[in-house]
Amino acid sequence: MLLDPLYLIWATIGYVLMFFIAAFVAPKLANKFSGRLSLYTSMIIIASLTIGIFSIVIAVIFTMLSNYFGNIIEISGLISFVFIGVVISNLLMYFLSPLLINLMYKTEKNAKLQSIVDKVKNKLNYRGKLNAVVTRNFSLPNAFAYGNFIFGKYVAVTPGMLNLTSESELEAVIGHEIGHHLHKDNAVMLLFGLLPAILYYLGYFLFRTGLFYRGKRESGSNAILAIVGLVAMLVSFIVQMLILAFSRMREYYSDMVGAKASGKKMMQYSLAKLHYYYKGNQYALSNLNNNSTKMLFIYAFSNVIANPLKEFEIDEIKKEKYSAVEEFLSSHPPIPKRLEFLDKLPY
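Numbering follows my numbering, with no gaps: position 105 of the sequence shown is 98.
Next comes the structure, spelled out in structure tokens:
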């Protein structure tokens, strides 16, 4: 079945199309959006586009299957079964994730870090308790926000980040992470993450079912079933690319909060230090890229600088080239773009 010609043809077309969009179309669209549309407008457009594509594809699948197979109740049941299964599994992960992350990173409370988190939280008028923790078995410089209303909300900082940044820079980093809590990014990204998962598993089920029955008995209807499933899987990757773009915008959104907490220069310095650290340490970068929770980190785009950075060093980073394809496939924007974005803020 893996050598099925239909599968190979459509898979090849899908991957070629995806990388063409990543390499040529997406960068041009991004350049047009920047400068003309605000961050908020861009997020609304991408969110609407994502939901719209998902809704259209589900409607097309439902209509096509109804026309070819006629049993609307059975088709509705199939779509509902996939939807409920994906939602339940994702909700379980969302609710259990704080416990799993605490176990995975062996987090522990830190009184000094808690006082800094409380200070920044009050400055940002965040209402609610935030637990400040330090990771014990992950020391690379980074920070992340996680949690929910059941098991509590957390701001985690690694020992490497504590050593890398000054207190003012650390306040900017913590402000960025509190921004994720303010914007409810964990819940927002969970909801958007359901869309490609539903399309993929629905498509996979239809595709495998079509192939199985084609092997038993040649029929146009079964071929249609396989094609519809394959198209749904292909569209799930496109929707995932849109969600990654949405995630990158949420990072800019939280950078704004970090700048508000401690000034845009402190936010820039903390990002620049992370950039220099991982640029000069390929082992650390590889370790980070292979981490299963890297999407949570403040730095997740593909010698520790303990001294303050100079202005020209920040300017040099802004001039650095970066891969449009890597950016397109990443949940975080490249550091040069984040530094340029911060320049435009009034803080």
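Glycine included, every Cβ here is placed at the ideal spot set by N, Cα and C.
Asked, Found
"Just how far apart, CA to CA, sit residue 189 and residue 236?", "9 Å"
"From 40, 35, 327, pick the residue whose C-alpha is nearest to that of residue 181; which is it?", "40"
"Would you check if there are 3 or more beta carbon pairs closer than 8 Å linking the region 226 to 236 to the region 252 to 265?", "no"
"Buried or exposed: which applies to residue 120, given that a residue is buried once 16 or more other Cβ atoms fall within 10 Å of its Cβ?", "exposed"
"Specify, as a first and last residue, the run of the alpha helix (DSSP H) that residue 156 falls within.", "152 to 157"
"Round the Cβ separation of residue 230 and residue 75 to the nearest angstrom and send it over; I've been treating them as touching at under 8 Å.", "That belief does not hold up - the Cβ atoms of residue 230 and residue 75 are roughly 17 Å apart, past 8 Å."
"Could you tell me whether the Cβ atoms of residue 175 and residue 117 are closer together than 8 Å?", "yes"
"Output yes or no for whether 8 Å exceeds the beta carbon distance between residue 137 and residue 149.", "yes"
"Please check the pair residue 255 and residue 108, which I expect to be a contact at CB under 8 Å, by giving their CB distance rounded to whole angstroms.", "So it is not a contact: roughly 15 Å between Cβ atoms."
"Apart from the five residues on each side of it in sequence, which residues of its chain come closer than 7 Å, Cβ to Cβ, to residue 186?", "83, 236"
"With residue 334 as the anchor, note down where its beta strand (DSSP E) starts and where it stops.", "Element bounds for residue 334: not the beta strand (DSSP E) but the alpha helix (DSSP H), 328 to 336."
"Count the other CB atoms within 10 Å of the CB of residue 33; is the residue buried (16 or more) or exposed (fewer)?", "exposed"
"The alpha helix (DSSP H) with residue 172 in it runs from where to where?", "160 to 175"
"To the nearest angstrom, how far is it from the Cα of residue 20 to the Cα of residue 317?", "Low per-residue confidence applies at residue 20: pLDDT is 48, beneath 50, and the placement is therefore not dependable, though the value from the model is reported in the following sentence. Cα-Cα distance, rounded: 6 Å."
"Identify every residue that forms a DSSP beta bridge with residue 139.", "147"
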